[in-house]
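To start, the structure itself, in structure tokens.
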Amino acid sequence: MIEKIKHLLSEAENLQAHNAEELESLRLKYLSKKGLVNQLMADFRNVPAEQKREVGILINRAKDALTARFADLKAALATTDDDHSDLDLTRTPYPIRLGTRHPLSIVTHEIVDIFSRMGFTLADGPEVEDDWHVFGAMNFAEDHPARDMQDTFFIESHPDVLLRTHTSSVQSRVMEQNQPPIRVICPGRVYRNEAISARAHCFFHQVEGLYIDRDVSFTDLKQVLLTFAREMFGPDTRIRLRPSYFPFTEPSAEMDISCNICGGEGCAFCKHTGWVEILGCGMVDPNVLEANGIDPNVYKGYAFGMGIERITNLKYQVKDLRLFSENDVRFLEEFMAAN
Ligand code: PHE
1 MIEKIKHLLS EAENLQAHNA EELESLRLKY LSKKGLVNQL MADFRNVPAE QKREVGILIN
61 RAKDALTARF ADLKAALATT DDDHSDLDLT RTPYPIRLGT RHPLSIVTHE IVDIFSRMGF
121 TLADGPEVED DWHVFGAMNF AEDHPARDMQ DTFFIESHPD VLLRTHTSSV QSRVMEQNQP
181 PIRVICPGRV YRNEAISARA HCFFHQVEGL YIDRDVSFTD LKQVLLTFAR EMFGPDTRIR
241 LRPSYFPFTE PSAEMDISCN ICGGEGCAFC KHTGWVEILG CGMVDPNVLE ANGIDPNVYK
301 GYAFGMGIER ITNLKYQVKD LRLFSENDVR FLEEFMAAN
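Each residue of the sequence shown is one higher than the one before, starting from 1 at the first, in this note's numbering.
As structure tokens, then:
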């Protein structure tokens with residue numbers, strides 16, 4: 001009997017359980033009602049009186065050792081289970097820092113929002129375009145200097161394929177597929193072969209607007225642009241239209257707003273003129289309507305296009321264009337409040 005108990009004691013130290021089932025079978029074998037410990041207790045009756053003391057102590061030690069070992073194994077299993085099931089070790093630690101929208105996105109949304117309140121809907125087109133949509137359909141003469149290698153990125157193996165130099169290509173895409181009334185606003189990225197500096201970049205962003213219907217006049221264009229300028233830069237903003245030239249509009253104009261940095265008083269930003277140019281516009285040239293399948297004898301339209309970086313510079317006084325594409329978090333975080 002004493003041998004049996006000593007054996008049990010040494011067994012207790014080495015018990016192992018790799019999962020809940022193994023642990024349960026250990027319990028059944030040693031600690032349950034019909035387990036080994038209870039059997040020893042039952043046999044205790046038959047132990048001769050002079051051995052009872054020694055055997056009694058040993059049985060209690062065996063019982064304590066088994067109970068303690070069982071508790072240890074149970075605790076160990078509980079923690080290994082947690083490691084594998086409940087904890088996601090790939091999760092980002094708290095606190096999670098939220099990103100901010102890019103200043104160009106903030107301004108694009110604002111421009112789109114203003115024009116959508118005036119009934120314009122969104123349209124877009126590809127950045128990798130063909131010569132026809134960027135130039136041909138927009139009434140550029142074959143030998144127009146804007147097609148020149150100086151300004152346009154052509155794809156070498158496909159001379160007809162290029163990176164669009166303006167969002168006016170979307171005008172053509174929209175007219176091709178829709179009959180008037182057309183009232184769209186088209187934000188997007190454009191590319192020009194320019195040396196990168198604080199004031200120029202080889203890519204930037206534009207928003208194009210196009211309105212085609214019966215009886216559209218220059219007055220409509222002017223009122224829409226004035227409303228836009230006041231919504232964007234404040235109710236005291238004034239506008240001025242200067243005659244200009246674009247192949248796809250006739251007549252054409254460039255629009256200035258009263259400098260919103262000095263309020264028109266004159267400052268370094270507006271070169272002390274009190275005015276800053278923000279967009280090009282005009283009445284859609286009848287040749288453009290015709291080239292894109294719209295009858296110029298029935299319909300008229302206006303179009304405008306503006307650089308989003310320019311509007312953003314005016315709103316937030318960003319002095320170096322390169323900041324927009326460097327993704328410096330310190331710069332981007334400055335727009336936290338505008339988000
Ligand atoms: N596409 C012209 C540019 O890139 C802007 C413009 C758009 C002018 C529409 C008139 C009408 O400068």
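Cβ coordinates follow ideal geometry from the N, Cα and C atoms, glycine included.
Contact check for Ile59 against Phe44 passes: the beta carbons are separated by less than 9 Å. Bounds of the beta strand (DSSP E) holding Tyr245 are 239-246.
A residue is called buried once 16 or more other Cβ atoms fall within 10 Å of its Cβ, and His166 is buried on that count.
Under the DSSP definition of a beta bridge, Glu254 partners with Arg242, Gly280. Between the alpha carbons of Tyr302 and Gly264 lies a gap of roughly 28 Å.
Counting along the chain, Arg189 sits inside the beta strand (DSSP E) bounded by residues 182-191.
Three or more beta-carbon pairs separated by less than 8 Å are not found between the stretch 283-295 and the stretch 64-71, which leaves the two stretches without contact.
In this structure, Val128 keeps its C-beta atom at 9 Å or more from the C-beta atom of Val174. Thr249 carries a strand assignment under DSSP once its states are collapsed to helix, strand and coil. Taking a C-beta distance under 9 Å as the contact criterion, Ile261 and Arg238 do not qualify as a contact pair. With the rule of 3 Cβ pairs closer than 8 Å, the stretch 214-223 does not count as touching the stretch 106-125. Sequence-distant Cβ neighbours of Leu241 in its own chain, meaning closer than 7 Å and more than five residues away, are Lys222, Ala253, Met255. As a beta-bridge residue in DSSP terms, Glu129 pairs with Leu162. When DSSP reads this structure, Phe304 sits in a beta bridge with Gly209, Cys281. Using a Cβ distance threshold of 9 Å, Arg192 and Phe248 do not count as a contacting pair. Cβ-Cβ separation between Asp124 and Val190: approximately 12 Å, too far for a contact (criterion under 8 Å). Just so you know, the alpha carbons of Met232 and Asp143 end up roughly 38 Å apart.
For Met232, the enclosing alpha helix (DSSP H) stretches over residues 218-233.
Rounded to the nearest angstrom, the gap between the Cα atoms of Met1 and Gln51 is 10 Å.
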